[in-house]
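Here's the structure we're looking at; comments come further down.
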Amino acid sequence: NAGVTQTPKFQVLKTGQSMTLQCAQDMNHEYMSWYRQDPGMGLRLIHYSVGAGITDQGEVPNGYNVSRSTTEDFPLRLLSAAPSQTSVYFCASSYGTGGLPQHFGDGTRLSIL
Amino acid sequence: GIQVEQSPPDLILQEGANSTLRCNFSDSVNNLQWFHQNPWGQLINLFYIPSGTKQNGRLSATTVATERYSLLYISSSQTTDSGVYFCAVVQGTYKYIFGTGTRLKVLA
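So, in structure tokens, the structure goes:
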């Protein structure tokens, strides 16, 4: 019972590099989302998806792209990494929308030099 | 947009003590959820509680949606309760807004 799996757990990038953070869930959840957590702060929503082929922006979408080609996978792309994107990234999923309990992955710690 | 404020920001307890954490939100919400982020950074669901009261062992939560607040009670605290407690509210249908958290340290 894997739940929500994020890879990699840690990554260091140089400014301007591109990268994809992977997120996969095996619970057949419709709703998936990406958050970033900066030191001493709560989580902020980057992008979310309510099903395959449907994505939308959250609170802090700039600098990030997403796509949802399957129910299981929801990758987050940084096209040109910037130091301001240094953060811990969490992926979450839930069975439905409207706040049914979200299940979180263990996070990806990303540092951009 | 909606504002979510949690208090206190920091809390230090002796093992065995009780505590109450508060979450205030500035507008009507569809749902509310409490999370515990443990010292390893993992986020654990505690309660999904849009209204009313729920209990799970030593933890309980109450949400009074009409007055725009929720409370998380921790009784007989243990060192394993240490970490950060977040509330998150759902605005509209899809968007979660997190509070800035209460950092709890329980001393043995």
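Chains as they are written, first to last, in my numbering: chain A, 5 to 117; chain B, 1489 to 1596.
Ideal Cβ positions, reconstructed from N, Cα and C, are used throughout, including at glycine.
Beta-carbon proximity list for residue i, same chain, < 7 Å, skipping 5 on both sides
i: G1504 (chain B); result: S1564, S1565
i: I1532 (chain B); result: F1523, H1524, N1526
i: P1496 (chain B); result: T1590
i: S1570 (chain B); result: P1527, L1592, K1593, V1594
i: S1445 (chain B); result: With chain B covering only 1489 through 1596, there is no way to say anything about residue 1445 (chain B).
i: R1542 (chain B); result: Before going on, a small fix: residue 1542 (chain B) reads as Lys here, not Arg. Excluding sequence neighbours, K1542 (chain B) sits near F1535, S1548, A1549.
i: Q21 (chain A); result: A85
i: Q61 (chain A); result: H51
i: T90 (chain A); result: L114, S115, I116
Segment limits, beta strand (DSSP E) that includes residue i
i: W1528 (chain B); result: That residue, W1528 (chain B), is in no beta strand (DSSP E); it is neither H nor E in DSSP.
i: M31 (chain A); result: No beta strand (DSSP E) holds M31 (chain A); DSSP gives it neither H nor E.
i: K1583 (chain B); result: 1583 to 1586
i: G1571 (chain B); result: 1571 to 1579
i: V8 (chain A); result: 8 to 11
i: Y68 (chain A); result: 68 to 70
i: Q15 (chain A); result: 14 to 17
i: L82 (chain A); result: 80 to 82
Contact under 8 Å by Cβ, residue i with residue j
i: M36 (chain A); j: A96 (chain A); result: yes
i: E1493 (chain B); j: N1506 (chain B); result: no
i: L49 (chain A); j: E34 (chain A); result: no
i: L117 (chain A); j: V16 (chain A); result: yes
i: D30 (chain A); j: E76 (chain A); result: yes
i: A56 (chain A); j: T74 (chain A); result: yes
i: L1547 (chain B); j: Y1561 (chain B); result: yes
i: P87 (chain A); j: T19 (chain A); result: yes
i: S53 (chain A); j: R72 (chain A); result: yes
i: G111 (chain A); j: V92 (chain A); result: yes
i: L47 (chain A); j: F14 (chain A); result: no
i: A1596 (chain B); j: T1567 (chain B); result: yes
Own chain partners of residue i with C-beta closer than 6 Å, once the 5 adjacent residues on each side are dropped
i: F1586 (chain B); result: F1574, A1576
i: L1559 (chain B); result: T1508, R1510, T1550
i: Y1536 (chain B); result: Q1521
i: V70 (chain A); result: H51, T59, L80
i: Q26 (chain A); result: T11, P79
Residues of its chain near residue i, where Cβ-Cβ distance is below 8 Å and the 5 sequence neighbours each way are ignored
i: I1490 (chain B); result: F1513, S1514, D1515, V1517, V1577, Q1579, I1585
i: G7 (chain A); result: Q29, D30, M31, H107, G109
i: P65 (chain A); result: I50, H51
i: V1572 (chain B); result: H1524, Q1525, G1589, T1590, R1591, L1592
Residue i - partner residues in DSSP beta bridges
i: K1593 (chain B); result: B:I1500
i: Q61 (chain A); result: A:H51
i: R1510 (chain B); result: B:S1495, B:L1559
i: F94 (chain A); result: A:Y39
i: F108 (chain A); result: A:A96
i: T24 (chain A); result: A:R81
i: S115 (chain A); result: A:V16
Residue ranges of each beta strand (DSSP E) within the region 1520 to 1566 of chain B, 3 or longer: 1531 to 1536, 1540 to 1544, 1547 to 1552, 1557 to 1562
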